[in-house]
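The structure appears right after this line, and notes come after that.
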Amino acid sequence: GSRGLDSCRRELGPARVVDVVSTPDDWCRLGARRAEGLSMVLVVGALRAETLPVAAALRGRQHHNGLIQGILGNTRVSVLTCGVGQRRAEARTAAALAQGAFDGVISIGTCGALIDTLAIGAVVEGGAEDGLGPLGHGPTVRVCTVSRAVWTVTRRDQLAAQGWQVVEMEAAAVARAARQHGIVASA
């Protein structure tokens, strides 16, 4: 799992990578708190390196219609690796949500920090202004959705000057698909 995240860290250039949730322990601590009281949660990440740690932590793991399903804590969890990009994330999340009676969606993965006060590996979450529900842990940051990775210092500085703190590529699309199913997504 971490080898894939290290690869992402090397490839993302000037936007420093902030790990949203990278280990089953992180998800258990953060995601499970958000999932309390929910009966079935969809966890979505773009890359296998992001979703594999959560999938590996599931008890009674089964593969069904492109999802890895099982139990984490007291919650039924389905894990979806949606692929990179907004169109793919929204379409695959919507298709997964159509498969069951989910009452929660959590988008996990990596994002790029646009400000130097966020340490590499910091856990952050998007806020309501970004269309995301809180996980209840870590600082809430202003999240800018981009269609391509931020490769240059100039672009990083432009986005930071607009007040954005973090860039991501899929969470907003996951949130749109969730809203279309009457669910608030967390990231």
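In this note's numbering, the protein residues as written are -17 to 169.
Each residue gets a CB set at the ideal place from its N, CA and C atoms; glycine is no exception.
| Check | Outcome |
| --- | --- |
| Isoleucine 90 and glutamate 150 - do their beta-carbons sit closer together than 8 angstroms? | no |
| Since arginine 137 is in the alpha helix (DSSP H), which residue starts that stretch and which ends it? | 135 to 143 |
| Which residue's Cα is closest to the Cα of valine 148: Val128, Arg69 and Ala76? | Val128 |
| Determine the contact status of glycine 82 and serine 60, defining contact as a CB-CB distance below 8 angstroms. | yes |
| Straight-line CA distance for threonine 92 to glutamine 44? | 25 angstroms |
| How would you call alanine 37, buried or exposed, if buried means at least 16 neighbouring beta carbons within 10 angstroms? | buried |
| Express the C-alpha separation of valine 26 and glutamine 162 in angstroms, rounding to a whole number. | 16 angstroms |
| Does threonine 63 come out as helix, strand or coil in the three-state DSSP assignment? | strand |
| Within 10 Å of its beta-carbon, does aspartate 7 have 16 or more other beta-carbons around it, so buried, or fewer, so exposed? | In this prediction, aspartate 7 has a pLDDT of 48, which is less than 50 and means its spatial position is unreliable; what the coordinates show is noted afterwards. Exposed, by the Cβ-count rule. |
| Just how far apart, CA to CA, sit arginine 74 and arginine 158? | 12 angstroms |
| Reducing DSSP to helix, strand and coil, say where arginine 158 ends up. | helix |
| So what does DSSP say about arginine 15, is it helix, strand or coil? | Note that arginine 15 scores a pLDDT of 47, beneath 50, so its modelled location is shaky and nothing firm can be said. |
| Candidates Leu96, Thr136, Val125 and Ala39: which alpha carbon is nearest serine 168's? | Val125 |
| Pop quiz: alanine 78 and leucine 34 are said to be a contact at Cβ under 8 angstroms. What is the actual Cβ separation, rounded to whole angstroms? | About 17 angstroms separates the two Cβ atoms, so there is no contact after all. |
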